[in-house]
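So that you can map any letter, position 284 of the sequence shown is 284 in full-length UniProt numbering, and since no number is skipped, the others follow by simple counting.
Ideal placement from N, C-alpha and C gives every residue a C-beta, glycine not left out.
None of the values given here were measured: they were computed from a predicted structure.
What follows is a set of notes on a single structure, which appears directly below.
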Amino acid sequence: MYRSATVQKLAGRLSGPALGPGDDGYAAEVAGFNLVVQHRPAIVVGVRDAEEVRKAVTFAAETGTPTAVQATGHGPSRAAEGAGLLINTRRMTKVTIDPVARVARAEAGTQWHQVVEAAAGHGLAPLNGSSPLVGVVGYTLGGGLALLSRAYGFAADHVTTVEVVTPDGRPRTATAQQNTDLFWALRGGKGNFGVVTAIEFGLVPVPRFYGGGLFFPGETAAEVLHAWRLWTESVPQEMASSLALLRMPELEPIPEFLRGKLVVHIRIAHLGPGDEGERLVGPLRKIAPALVDTLAEMPYKRFAEIHNDPTFPIPYDERSTMLRELGQGAADDLLSLAGPGSDCTDIMVELRHMGGALSRPPSAPSAVDHREAAFCLSTLGLPGARPAHVVDGMAHWGTGRSYLNFLAGPETAQLAERGYGPATYARLGEIKARYDPENLFRFNHNIPPRAKSF
1 MYRSATVQKL AGRLSGPALG PGDDGYAAEV AGFNLVVQHR PAIVVGVRDA
51 EEVRKAVTFA AETGTPTAVQ ATGHGPSRAA EGAGLLINTR RMTKVTIDPV
101 ARVARAEAGT QWHQVVEAAA GHGLAPLNGS SPLVGVVGYT LGGGLALLSR
151 AYGFAADHVT TVEVVTPDGR PRTATAQQNT DLFWALRGGK GNFGVVTAIE
201 FGLVPVPRFY GGGLFFPGET AAEVLHAWRL WTESVPQEMA SSLALLRMPE
251 LEPIPEFLRG KLVVHIRIAH LGPGDEGERL VGPLRKIAPA LVDTLAEMPY
301 KRFAEIHNDP TFPIPYDERS TMLRELGQGA ADDLLSLAGP GSDCTDIMVE
351 LRHMGGALSR PPSAPSAVDH REAAFCLSTL GLPGARPAHV VDGMAHWGTG
401 RSYLNFLAGP ETAQLAERGY GPATYARLGE IKARYDPENL FRFNHNIPPR
451 AKSF
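Shown next as structure tokens:
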């Protein structure tokens, strides 16, 4: 454990806090959104700019201190603890928009709602996910499965520049023309290669948007699931959707019709006008009487109303697997694992429709390895449940890979290899060995350094 004098030494280099266990403000500084992992490092620092990141990483390199990075803490795996350093980037939130070039630049601690709001006035949008509170950088480094991804691909596909401080304390810029190996690895390789201080990425035009959801009674799950999977076979790539089996607890903030029962929720995000969206979702409305129907044309900045992700910190385990198909057999198996009458305890089991632009290679190759998947299956459960029960039960329908942004909890720290094909994982390990041979950045979905094969 570091002595307080060591904490003070690092504090002298920074304008923000540098705290150890027992210091006032320490608990708030290490806290993340997902409470399933509790960080307790020897030192936590709150950085305010790229120069302070450089100073913190240089300190870690000089002292051999294992290091973690956190902006929002939605997808933690291994806790930063013991003689470790946690770099909190949440104060770095500057966003700039170039509406002519259709490019955004976001600092390390930026959340998606900040980029969406900044871009909306220009009729543009980023490739953000379902939650407005998720950090831009961590989400994008994991690939970024966005609401508009069927039309435009993974968020990582649209990154043009990454500003990063590598584990040796050096600030670098990675693009398709500069530090190309690092540029490839950062887009999909998560937080294994340093601290990203800012990224630049392309924005897409969203002149009109249609979204919301349909909620059905749990007893109609089989009918709804089979109808929805057949419906996805013919929709255009501008139509994105997912289906969730929800078992929400009896908590006051949750709408009464969702509490303590199985409910099926179809989520819709359509890049187009309302009349076109209405026509496309018409068959879904005919499946069964809906408990609630929120589908409507809306400004894109109201995207959070589609999934209604939690807005307050909670503990949860998250698992995922990519499915190569969702035929009748796969759907029936999922119903037996998580449908009516099953012993499923997950509060959410979700299928996200892939395909479209997600299946096409990006202009600049990256470490994102999910182009062949037809659906992404993810589960979210409270601690103490069986986090891998449904995912493992569907393994024979899967590609053998997981989506790392949907892996959270202490048991997921060693699962990074599941996010990649063998060749991609091997190359990531070689790049890790080049930039972080001591594996200082290991409080994550860790890719260990790997000697280059010949």
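Just to confirm my understanding: we take residue i, look at its own chain, exclude 5 residues before and 5 after, and list those with CB closer than 7 Å. What are they?
i           : result
Y2          : Confidence in Y2 is poor, its pLDDT being 47 and thus under 50, which makes the residue's placement too unreliable to answer from.
residue 476 : Since the first residue of the chain shown is 1 and the last is 454, residue 476 is not available in this structure.
G356        : R150, A151 and Q237
E219        : P340
S336        : S342
When DSSP labels each residue in this structure, what does residue i get in the three-state scheme?
i    : result
T110 : coil
R401 : coil
Q70  : strand
G419 : helix
I97  : strand
M1   : With a pLDDT of only 43 at M1, under 50, the local geometry of the prediction cannot be trusted, and no value is derived from it.
P437 : coil
L245 : strand
A217 : In the sequence as displayed, the identity of residue 217 is Pro instead of Ala. P217 falls in the strand class under three-state DSSP.
D181 : helix
S77  : coil
L225 : helix
I431 : helix
R13  : coil
R360 : coil
V30  : helix
F201 : strand
A119 : helix
I306 : helix
T160 : strand
F406 : helix
D332 : helix
V195 : strand
G144 : coil
F443 : coil
H39  : coil
Which residue from the options puts its Cα closest to that of residue i?
i    : options                   : result
G213 : G341, P273, I268 and T110 : I268
T412 : P383, H445 and G277       : H445
L245 : L258, E238 and L262       : L262
G202 : V100, Y210, G381 and P383 : V100
P273 : L295, L284 and I287       : L295
I97  : N88, T379 and E107        : E107
P383 : R172, V36, G22 and G12    : V36
E276 : A416, A80 and M239        : M239
P126 : V134, L133, W112 and G135 : W112
G169 : A50, F406 and H122        : A50
P283 : H307, G329, L230 and I306 : L230
S242 : F257, L326 and Q8         : L326
G419 : A61, T58 and G142         : G142
H122 : A104, Y139, P289 and G138 : A104
I205 : A61, P299 and H74         : It should be pointed out that residue 205 corresponds to Pro in this sequence rather than to Ile. Comparing Cα positions, the closest option is P299.
A222 : V264, S363, D369 and L380 : V264
State the start and end residues of the unbroken beta strand (DSSP E) segment that holds residue i.
i    : result
I87  : E81 to N88
T175 : Here T175 belongs to no beta strand (DSSP E), and DSSP marks it neither H nor E.
R319 : D317 to L323
C344 : Here C344 belongs to no beta strand (DSSP E), and DSSP marks it neither H nor E.
R450 : Careful: R450 lies outside any beta strand (DSSP E) and carries neither H nor E.
Which residues mark the beginning and the end of the alpha helix (DSSP H) in which residue i is found?
i    : result
V391 : H389 to G393
R285 : G274 to R285
L141 : V136 to L141
F59  : A50 to T63
S149 : S149 to Y152
Assign residue i to buried or exposed, taking buried as 16 or more other Cβ atoms, counted over all protein chains shown, within 10 Å of its Cβ.
i    : result
F209 : buried
H353 : buried
P387 : buried
A198 : buried
D317 : buried
A5   : exposed
A408 : buried
K432 : buried
D24  : exposed
Q70  : buried
T72  : buried
H307 : buried
F216 : buried
For residue i, which residues from the same chain have a beta carbon less than 6 Å from its beta carbon, with the 5 sequence-adjacent residues on both sides left out?
i    : result
T160 : E200
H39  : V30, A79, A80 and L86
F59  : L10
M348 : A244, L246 and L380
Given the structure, does residue i come close to the ligand SAH, in the sense that its CB is under 6 Å from one of the ligand's heavy atoms?
i    : result
G142 : This structure does not include the ligand SAH; it has no bound ligands of any sort.
Output needed for residue i: all residues of its chain with C-beta closer than 8 Å, excluding positions within five of it in sequence on either side, in chain order.
i    : result
P410 : V36, V37, S77, R78 and A79
F454 : Reliability fails at F454, whose pLDDT of 44 lies under 50, so the model's placement of it is uncertain and the value that follows must be treated cautiously. Once the five neighbours on either side are set aside, F454 has no close Cβ partner at all.
Does any residue of chain C have a CB that is nearer than 7 Å to the CB of residue i?
i    : result
R401 : Checking the listed chains, one finds no chain C in this structure; it contains a single protein chain.
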